[in-house]
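Student:
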Amino acid sequence: MVKTITIREEVYRKLLTIKKKDESFSELFDRLAENKDPLETLSKLRASVEFRKKKEMLSEIYSSRAERRR
141 MVKTITIREE VYRKLLTIKK KDESFSELFD RLAENKDPLE TLSKLRASVE
191 FRKKKEMLSE IYSSRAERRR
């Protein structure tokens with residue numbers, strides 16, 4: 141089954157920076173979703189992208205998760 145999602149242009153550009161050359165977006169999302177621990181995900185991505193605002197990004201992740209749980 142195929143699903144369509146909508147993301148902001150800014151998010152799309154960020155995803156392009158971490159997507160491997162021969163990887164589909166579905167494969168990228170699967171790889172990122174394998175890990176529910178943001179610190180572990182960041183560690184795995186360390187070689188492929190430089191995160192300049194790690195604390196802010198983690199804060200956004202935690203906030204987003206908290207909103208979904210409500």
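If you use the working numbering, the sequence shown corresponds to residues 141 to 210, in order. Glycine included, C-beta positions come from ideal geometry on N, C-alpha and C.
(1) What whole-angstrom Cβ distance do L168 and L155 have, given they're in contact under 8 angstroms?
(2) Just how far apart, CA to CA, sit K159 and T146?
(3) For R171 and T157, what's the separation of their Cα atoms in angstroms?
(4) Does DSSP put I158 in a helix, in a strand, or in coil?
(5) Using the Cα positions of E150 and V142, report the straight-line distance between them to the nearest angstrom.
Tutor: Concretely, from the data shown:
(1) Indeed, because the Cβ distance is near 7 angstroms, the residues count as touching under 8 angstroms.
(2) Cα-Cα distance, rounded: 17 angstroms.
(3) Rounded to whole angstroms, R171 to T157 spans 14 angstroms at the Cα level.
(4) Three-state DSSP puts I158 in a helix.
(5) The straight-line gap from Cα to Cα measures roughly 23 angstroms.
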